[in-house]
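Visitor: The structure that follows is given in the form of C-alpha cells.
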Amino acid sequence: MRLCPYFSMSRKPLAIEHICPHCGVLEDKKPFVGEHCIDCTLKRERKSWPSEMELTRCPKCGNLWREREWKKVAPSLITALIDEKMERAGLEGHYNMEAQVWEGVFTSAGAKIPYRHPLKIAYKNMQCTTCERSSGNYHEAIIQLRGDPIRVERARKRLIRRIEQKTFIAKVEPMHGGVDIFVGIKKDIEVILRREGHKFVRTEKLVGQREGQRLYRSTFLLRLEKPIEEQERELGQEENETKTEE
Ligand SMILES: [Zn+2]
Ligand SMILES: [Zn+2]
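The sequence shown begins at 2 in the working numbering and counts up by one.
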C-alpha cells in the first residue's frame, strides 16, 4: 500500500493501525502482542503452556518428592518452582497459589500487558520412604534361603549380622523349605552375599513408579545344599543300609 506523503505527515498514517489478522479487532479496542490481539495470542499460546503441576506428596508427613528424594517443601518454594517452570517456557510473571492462576505479563512494544492463565496443582499421594519404613513394611530386597536347614540357619545368622551393619531388616519370615529375609535398602546386598561366598539367582520385580522412575524389588535366591562330603557320607550310609537289608 502506498501512502500520500503529505497525508502521512499531517495525520497518523493508516498503515500503523493494527487489525488482528485472526479476529479482526482493532488495536484501539484491545491490547496487542506483536501482530495479534491479546485474546488471539493467549488462545494460541496457552495450548503449549502447562495447565497443571503434578506434585507427589506423602499424605502422612506432607513431604514432597523432589529431585529424586523426599523433602520438606514450604508453600513459597512451590510457588518459586512454578515460576521457574514458566520462566523456562519463556514467560514472565508470578504464580498466585491461592487463586491457582499464573499472573503473567507480555512485554510488547515497551508496554506490559497482563493476562491470567489457570494452573492447578494436582497432588498425587504416595507414602514417603520414612513413613513407609516406620510402618514396618518397607523393603527393597528379599533374600530367600532354601535348602539344608542347618546351612540355612547358619547363613541366616551370619547374613543378618552383616546386613545390619549397612541397613535395617524389615522382617524375617520362616518359609516352606527355608527362610525369607526382608531387607530395607538393597544397595550393599550383592557385595555382602559375594563376600560371604554365596552363589545366588537375582531377579527384579517392578513394584511401582515414582516421578517417572521405575522402582524394582530384588529377590536373591540362595540354594544351600548339604556339603558334598556330607551328601556322599549319607549316600554311603544309604548304600550300606540297603546292603545290610539284603
Ligand atoms: Zn484477535
Ligand atoms: Zn512421609
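Even for Gly, the Cβ is constructed at its ideal location relative to N, Cα and C.
Is the Cβ-Cβ distance between I193 and R163 less than 9 Å?
Guide: The residue given as residue 193 occupies position 192 in the sequence shown. The residue given as residue 163 occupies position 162 in the sequence shown. The answer is yes: Cβ separation under 9 Å.
Visitor: Kindly indicate which three-state DSSP category E191 falls into: helix, strand or coil?
Guide: Mapped onto the sequence shown, residue 191 falls at position 190. DSSP places E191 in helix when its eight states are reduced to three.
Visitor: Might you give, ordered along the chain, the residues of its own chain that have their beta carbon closer than 6 Å to the beta carbon of R58, omitting 5 neighbours on each side?
Guide: Taking the sequence shown and counting its residues from 1, one reaches residue 58 at position 57. Cβ-Cβ distances below 6 Å link R58 to L65, Y124 in the same chain, with the five nearest sequence neighbours on each side left out; the list follows chain order.
Visitor: Since L160 contacts I182 with CB under 8 Å, what's their CB separation in whole angstroms?
Guide: Position 159 of the sequence shown, counting from 1, holds the residue named residue 160. Position 181 of the sequence shown, counting from 1, holds the residue named residue 182. With a Cβ gap of about 6 Å, L160 and I182 count as contacting.
Visitor: Hey, quick one: how far does the beta strand (DSSP E) through E104 stretch, first residue to last?
Guide: As a position in the sequence shown, residue 104 is number 103, starting the count at 1. Here the beta strand (DSSP E) through E104 covers 102-109.
Visitor: Quick one: residues in its chain with C-beta nearer than 7 Å to the C-beta of D149, no 5 flanking neighbours on either side, listed in chain order?
Guide: Here residue 149 refers to the residue found at position 148 when the sequence shown is read from its first residue. Shown here for D149: same chain residues with a beta carbon closer than 7 Å to its own, the five before and five after excluded, namely L225, E226, K227 in chain order.
Visitor: Are there any heavy atoms of ligand 1 lying less than 8 Å away from the beta-carbon of V106, as far as the coordinates show?
Guide: Residue mapping note: residue 106 aligns to position 105 of the sequence shown, counting from 1. Answer for V106: no, Cβ out of range of ligand 1.
Visitor: If contacts are defined as beta-carbon pairs under 8 Å, then Y139 and G185 qualify, I think. What distance do you get, rounded to the angstrom?
Guide: Residue numbering aside, residue 139 sits at position 138 when the sequence shown is read from its first letter. Residue numbering aside, residue 185 sits at position 184 when the sequence shown is read from its first letter. Rounded, the Cβ-Cβ distance is 6 Å, consistent with contact.
Visitor: May I ask you to check if the CB of T57 is nearer than 8 Å to at least one heavy atom of ligand 2?
Guide: Translated into positions along the sequence shown, residue 57 becomes position 56. No - ligand 2 has no heavy atom lying nearer than 8 Å to the Cβ of T57.
Visitor: Starting from D181, follow its DSSP beta bridges and name the residues at the other end.
Guide: Taking the first residue of the sequence shown as 1, we reach residue 181 at position 180. Paired residues: Q145, E174.
Visitor: Following the continuous alpha helix (DSSP H) through I164, name the residue where it begins and the one where it ends.
Guide: What you label residue 164 is simply residue 163 of the sequence shown in a count that begins at 1. Start and end: 150-164.
Visitor: If distances are taken between C-alpha atoms only, which option among E205, L236, Q232, R215 comes closest to F221?
Guide: Residue numbering aside, residue 221 sits at position 220 when the sequence shown is read from its first letter. It is E205.
Visitor: Determine the closest residue to G111 out of R215, D84, C21, P32, with distance taken between C-alpha atoms.
Guide: Your numbering for residue 111 matches position 110 in the sequence shown. Nearest of R215, D84, C21, P32 to G111, Cα basis: P32.
Visitor: Under a three-way DSSP split, which group does E247 fall into?
Guide: In the sequence shown, counting from the first residue as 1, residue 247 sits at position 246. The predicted model places E247 with a pLDDT of 46, which falls under 50 and marks its position as unreliable, so this point remains unresolved.
Visitor: Say the cut is 8 Å; is the CB of V26 nearer than that to a heavy atom of ligand 1?
Guide: Taking the sequence shown and counting its residues from 1, the one referred to as residue 26 is at position 25. The answer is yes for V26.
Visitor: Which residues in the same chain have their Cβ closer than 8 Å to the Cβ of K61, if we skip the five residues on either side of it in sequence?
Guide: Looking up residue 61 in the sequence shown gives position 60. Cβ neighbours of K61 beyond the five flanking positions: Q128, C129, C132.
Visitor: Flag this pair as yes or no: are the beta carbons of C38 and K30 separated by less than 9 Å?
Guide: As a working note, residue 38 is residue 37 in the sequence shown. As a working note, residue 30 is residue 29 in the sequence shown. Pairing C38 with K30 gives a Cβ-Cβ distance under 9 Å.
Visitor: Using DSSP with H/G/I as helix, E/B as strand and the rest coil, what is P60?
Guide: Walking along the sequence shown from the start, residue 60 turns up at place 59. Here P60 sits in coil by DSSP.
Visitor: Let's see if you can read the secondary structure: which residues bound the beta strand (DSSP E) around R117?
Guide: Position 116 of the sequence shown, counting from 1, holds the residue named residue 117. From DSSP, the beta strand (DSSP E) with R117 extends over 112-119.
Visitor: Compute the beta-carbon to beta-carbon distance between I122 and L56, rounded to the nearest angstrom, for a pair I have assumed lies under 8 Å.
Guide: For the purposes of this step, residue 122 is identified with residue 121 of the sequence shown, where counting begins at 1. For the purposes of this step, residue 56 is identified with residue 55 of the sequence shown, where counting begins at 1. Going by Cβ atoms, the distance from I122 to L56 rounds to 6 Å, so yes, they are a contact pair.
Visitor: Is S219 closer than 9 Å to R234 when the C-beta atoms are compared?
Guide: Against the sequence shown, residue 234 aligns to sequence position 233. Against the sequence shown, residue 219 aligns to sequence position 218. It is not a contact, given that the beta carbons lie outside the stated cut-off.
Visitor: Expressed to the nearest angstrom, what Euclidean distance is found between the alpha-carbon atoms of H23 and E70?
Guide: As a position in the sequence shown, residue 23 is number 22, starting the count at 1. As a position in the sequence shown, residue 70 is number 69, starting the count at 1. Roughly 47 Å separates the two Cα atoms.
Visitor: Mind checking which residues open and close the alpha helix (DSSP H) that includes R47?
Guide: Translated into the one-based positions of the sequence shown, residue 47 becomes position 46. From DSSP, the alpha helix (DSSP H) with R47 extends over 39-47.
Visitor: So, at 6 Å on beta carbons, what are the nonlocal neighbours of E246 in its own chain, with the 5 sequence-adjacent residues on each side left out?
Guide: To locate residue 246, count along the sequence shown from 1; it is residue 245. Confidence at E246 is low in this model, with a pLDDT of 49, below 50, so its placement is unreliable and the value that follows should be read with caution. The answer is none, since no qualifying residue turns up.
Visitor: Could you check what DSSP says for L92 in three-state terms: helix, strand or coil?
Guide: By 1-based counting over the sequence shown, the position of residue 92 is 91. Correct three-state label for L92: coil.
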